[in-house]
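Asker: Per my numbering, the sequence shown starts with residue 589, numbered consecutively.
Even for Gly, the Cβ is constructed at its ideal location relative to N, Cα and C.
Just so it is clear, the structure is predicted and the values come from calculations on it, not from any experiment.
Have a look at the structure that comes next, please.
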Amino acid sequence: MKISLIVAVGLNNQIGLNGKLPWYSKEDLAYFREKTMNHMVVMGRKTFEGLPKKLDGRKIIVLSRTQKNIDDVLIASSIQEVIDIAKQGNESELFIAGGESVYRQFIEVADKIYLSKINYNGPSDTFFPKMDETKWEKAQENKFCDGSWINYVKKTDDGLF
Numbered sequence: 589m590k591i592s593l594i595v596a597v598g599l600n601n602q603i604g605l606n607g608k609l610p611w612y613s614k615e616d617l618a619y620f621r622e623k624t625m626n627h628m629v630v631m632g633r634k635t636f637e638g639l640p641k642k643l644d645g646r647k648i649i650v651l652s653r654t655q656k657n658i659d660d661v662l663i664a665s666s667i668q669e670v671i672d673i674a675k676q677g678n679e680s681e682l683f684i685a686g687g688e689s690v691y692r693q694f695i696e697v698a699d700k701i702y703l704s705k706i707n708y709n710g711p712s713d714t715f716f717p718k719m720d721e722t723k724w725e726k727a728q729e730n731k732f733c734d735g736s737w738i739n740y741v742k743k744t745d746d747g748l749f
């Protein structure tokens with residue numbers, strides 16, 4: 589099973605302000621939907637609570653040590669529990685959708701990063717962790733009206749994918 593982070597960041601790695609995205613990009617929301625459709629999507633409780641609506645066509649796993657029950661959502665208290673749930677569900681690709689602390693927990697075990705770089709330079713109170721560029725290789729980049737979609741793949745020990 590592949591573990592992929594999917595994140596939209598501003599020009600300074602901003603990802604959130606007051607529990608929400610600090611920008612609106614219809615194109616990027618469609619991209620997120622396309623990539624995550626029919627997959628399990630992992631997020632923290634605050635990110636889940638900040639969703640404007642339910643993510644139809646996706647099974648949500650909320651990573652939380654304190655949350656016990658949310659209708660139609662799986663709850664996991666650790667990375668290992670998330671991975672076990674995804675394996676039981678025969679997931680081919682598990683998507684990690686934030687927030688900041690969830691990205692920090694998963695970045696070391698991730699295989700791929702779908703990063704949307706949004707042309708936003710405003711305020712933020714949450715940030716995507718700095719990527720160790722020695723561990724990641726840019727595999728693809730495509731421009732869209734609000735920024736760029738950049739795919740990174742983790743380098744193997746020999747420097748190849």
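(1) According to DSSP, what are the bridge partners of residue 596?
(2) Of the residues 684, 712, 689, 632, which one's Cα is nearest the Cα of residue 700?
(3) Once you ignore the five residues that flank residue 713 on each side, which residues in its own chain have a CB closer than 6 angstroms to its CB?
(4) If you count every other CB in all the chains shown that lies within 10 Å of the CB of residue 664, and 16 or more means buried, which is it?
(5) Please go through the same chain and pick out, in chain order, the residues whose beta-carbon is closer than 7 angstroms to the beta-carbon of residue 602, but skip the five residues on each side of it.
(6) CA-CA distance, residue 631 and residue 690?
(7) Which of the three DSSP states is assigned to residue 647 in this structure?
(8) Does DSSP put residue 654 in a helix, a strand or coil?
(9) Label residue 654 either buried or exposed according to how many other C-beta atoms from any shown protein chain fall within 10 Å of its C-beta, with 16 as the threshold for buried.
(10) Using a threshold of 8 angstroms, state whether the C-beta atoms of residue 573 and residue 597 are closer than that.
(11) List the endpoints of the continuous beta strand (DSSP E) containing residue 727.
(12) Which residue marks the beginning of the alpha helix (DSSP H) containing residue 671, and which one marks its end?
(13) Starting from residue 682 and walking both ways along the beta strand (DSSP E), at which residues does that stretch end?
(14) Taking only the alpha-carbon atoms, compute the straight-line gap between residue 667 and residue 674 and give it to the nearest angstrom.
(15) Suppose you measure from the CA of residue 740 to the CA of residue 677; what does that come to, to the nearest Å?
(16) For residue 689, does the three-state DSSP call read helix, strand or coil?
Answerer: Checking against the coordinates, here is how it stands:
(1) As a first step, residue 596 must be located in the sequence shown, where it is residue number 8. Residue pairing by DSSP places residue 596 opposite 704 in a beta bridge.
(2) Stepping through the sequence shown from its first residue, residue 700 is reached at position 112. For residue 700, the closest of 684, 712, 689, 632 by C-alpha to C-alpha distance is 684.
(3) On the sequence shown, residue 713 is found 125 positions in, with the first residue counted as 1. Excluding sequence neighbours, residue 713 sits near 605.
(4) For the purposes of this step, residue 664 is taken as the residue at position 76 of the sequence shown. Residue 664 comes out buried.
(5) Taking the first residue of the sequence shown as position 1, residue 602 is located at position 14. Here the set comprises 610, 708, 712, 715.
(6) Start at 1 with the first residue of the sequence shown, and residue 631 comes out as number 43. Start at 1 with the first residue of the sequence shown, and residue 690 comes out as number 102. Going by C-alpha positions, residue 631 is about 7 angstroms away from residue 690.
(7) Position 59 of the sequence shown, counting from 1, holds the residue named residue 647. Strand, per DSSP.
(8) Numbered from its first residue, the sequence shown carries residue 654 at position 66. The three-state secondary structure of residue 654, taken from DSSP, is coil.
(9) By 1-based counting over the sequence shown, the position of residue 654 is 66. Taking all protein chains shown into account, residue 654 has fewer than 16 neighbouring C-beta atoms within 10 Å of its C-beta and is therefore exposed.
(10) Missing from the structure shown is residue 573; the chain here goes from 589 to 749 and no further.
(11) Within the sequence shown, the letter at position 139 stands for residue 727. It spans 724-732 - the beta strand (DSSP E) in which residue 727 sits, taken as one unbroken run.
(12) Taking the first residue of the sequence shown as position 1, residue 671 is located at position 83. From DSSP, the alpha helix (DSSP H) with residue 671 extends over 667-676.
(13) By 1-based counting over the sequence shown, the position of residue 682 is 94. From DSSP, the beta strand (DSSP E) with residue 682 extends over 681-684.
(14) Position 79 of the sequence shown, counted from the start, is the residue given in the question as residue 667. Position 86 of the sequence shown, counted from the start, is the residue given in the question as residue 674. If you draw a straight line from the Cα of residue 667 to the Cα of residue 674, it comes to about 11 angstroms.
(15) Numbered from its first residue, the sequence shown carries residue 740 at position 152. Numbered from its first residue, the sequence shown carries residue 677 at position 89. Rounded to whole angstroms, the separation of the alpha carbons of residue 677 and residue 740 is 25 angstroms.
(16) Position 101 of the sequence shown, counted from the start, is the residue given in the question as residue 689. Residue state for residue 689 is assigned as helix, using DSSP reduced to three classes.
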